[in-house]
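Reviewing the structure listed below.
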Ligand code: HMG
Ligand code: MG
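Numbering (UniProt numbering), first residue to last: 17 to 315.
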C-alpha cells in the first residue's frame with residue numbers, strides 16, 4: 017500500500033516507561049497520555065497488564081485505563097501477556113484494544129515471559145481468542161525480529177512463521193520489533209523481503225529501538241517496501257527490562273519531522289509533540305533523546 021497516509025503508534029507511556037526505575041506518578045502518566053492524544057496521535061499504547069513483580073512501573077494499569085480522557089477516534093491499547101492480564105484488563109470495562117507479544121527467540125521469551133516460543137504462541141492464541149470474543153481488537157508484536165541479546169541473529173523465516181500464526185489468531189496488525197535496535201537498512205530490507213508474499217504489508221508495522229542510531233534509516237527502508245505504520249515513543253523514552261543496553265524507541269518527534277518532509281500525512285502537530293516531550297523529560301529529570309525536539313527547542 018503506497019498511500020500517503022501514515023499512522024504513528026505512540027508507545028512512550030508503555031515501552032517508554034516500563035524500564036524506568038523511579039516510579040512515575042500515575043497523575044503524570046495520565047497527563048502524558050492526554051497530551052499525546054491532543055497532539056493528534058490516533059493510537060496510543062497506554063500501559064501493560066503484566067505482573068507488577070516483573071514490571072513495577074506498570075502496576076497502576078487499572079487506574080490508567082479508567083482515568084485517561086478518551087478522545088473520539090483515538091485507540092488506547094494495553095499490552096497483555098496472558099489470560100490473567102486480559103481478565104484484569106476486561107474487568108476495568110474500558111479496554112477495547114490489546115497488544116499481544118511473542119519473540120522470535122526462545123532465549124528471549126524465557127527471560128521476558130518465562131516460557132518457550134511455542135508456549136508463548138499458545139498463550140497468545142488463548143488470549144486472542146478470549147479478547148476477540150469480547151469484541152476487543154488485537155494487535156500482535158513480534159520481538160527480536162533482527163537479533164536477540166542472548167541468541168544472536170534472527171532467521172527471517174522464524175519471523176514469517178510467527179507473523180502467519182499471529183494473523184491466523186486474528187491480529188489486525190503485526191508490529192515487527194527490533195527490540196535491541198541492532199537492525200540496519202541492510203538487515204531490515206532482508207527481513208521485509210523474506211516476508212513479502214507471505215504477509216500482507218498493509219498489516220505490518222515496524223517498531224525500531226534506536227540503540228545504534230539506525231531507527232530512522234530503518235524506517236525509510238520500511239516505507240520504501242510499502243509499510244505505512246511505525247511505533248515510536250515521545251522524546252525517545254524507554255528501553256526493555258529484559259534487553260540490557262537497549263535504548264528507547266525511535267523518538268516520535270524525529271519520526272513526525274521526517275514523515276512531514278517525505279510528504280506523508282500523520283495528522284500530528286509536531287509543535288505539540290515537542291512541548292509534551294520536553295515536559296515529560298523535565299518531570300522525569302532526564303535528557304530529551306529526540307534530535308528534532310532539541311533542534312526546534314534551541315532555535
Ligand atoms: P510467571 O512468573 O512465569 O507467571 O510470569 P506465573 O503465572 O507463575 O505468575 C507469577 C505471579 O505473577 C503470580 O503471583 C501471578 O498471579 C502473577 P503470585 O501468586 O506469585 O503472587 N501474574 C500476574 N499479575 C498481574 N498481571 C498478570 C499476571 N500474570 C501473572 N498478567 C508473566 C509470567 C508473563 C506474567 C511475566 O513474565 C511478566 O509479566 N512478564 C512481563 C514482561 C514485560 O512486561 N516485558 C516487557 C514488554 S515486551 C517488550 O517490551 C517488547 C515490545 O516493546 C516489542 C519490541 O520492542 O520488540 C512489545
Ligand atoms: Mg519495544
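Where a beta carbon is used, it is the ideal one built from N, C-alpha and C, also for glycine.
Proximity below 8 Å, CB of residue i to CB of residue j
i: residue 26; j: residue 195; result: no
i: residue 98; j: residue 143; result: yes
i: residue 227; j: residue 263; result: yes
i: residue 124; j: residue 92; result: no
i: residue 186; j: residue 148; result: yes
i: residue 13; j: residue 95; result: Look at the range of the chain in this structure, 17 to 315, and you will see that residue 13 is not part of it.
i: residue 237; j: residue 181; result: no
i: residue 288; j: residue 55; result: yes
i: residue 89; j: residue 58; result: yes
i: residue 248; j: residue 266; result: yes
i: residue 106; j: residue 36; result: no
i: residue 183; j: residue 158; result: no
i: residue 21; j: residue 234; result: no
i: residue 154; j: residue 116; result: yes
i: residue 205; j: residue 160; result: no
Own chain, CB closer than 6 Å to residue i, minus 5 neighbours either side, in chain order
i: residue 172; result: 207, 210
i: residue 83; result: 46
i: residue 48; result: 29, 296
i: residue 198; result: 162, 163
Cβ-Cβ separation, residue j to residue i (assumed contact under 8 Å), whole Å
i: residue 145; j: residue 189; result: So it is not a contact: roughly 17 Å between Cβ atoms.
i: residue 316; j: residue 300; result: There is simply no residue 316 to check, as the chain begins at 17 and stops at 315 in what is shown.
i: residue 78; j: residue 108; result: 6 Å
Same chain only: Cβ atoms within 8 Å of residue i, ignoring 5 sequence neighbours per side
i: residue 310; result: 304
i: residue 290; result: 269, 306, 308, 309, 312, 313
i: residue 33; result: 40, 45, 73, 74, 253, 254
i: residue 176; result: 210, 211, 214, 215
i: residue 132; result: 122, 125, 126
Same chain, Cβ closer than 7 Å to residue i, five either side skipped, listed in chain order
i: residue 17; result: Because the pLDDT at residue 17 is just 47, under 50, the model does not fix this residue reliably, and the value given afterwards should be weighed accordingly. Contacts found: 217, 218, 242, 244.
i: residue 110; result: 81, 82
i: residue 152; result: 111, 112, 113, 114
i: residue 87; result: 53
Go through the region 99–182 residue by residue and report every complete run of the beta strand (DSSP E) that reaches 3 residues or more, in order. 113–119, 153–159
Every unbroken beta strand (DSSP E) within the region 231–298, with a cutoff of 3 residues, ordered by chain: 245–248
What alpha helix (DSSP H) runs, 4 residues minimum, are completely inside the region 42–101? For the region 42–101, whole alpha helix (DSSP H) runs of length 4 or above, ordered along the chain, are 42–54, 77–83.
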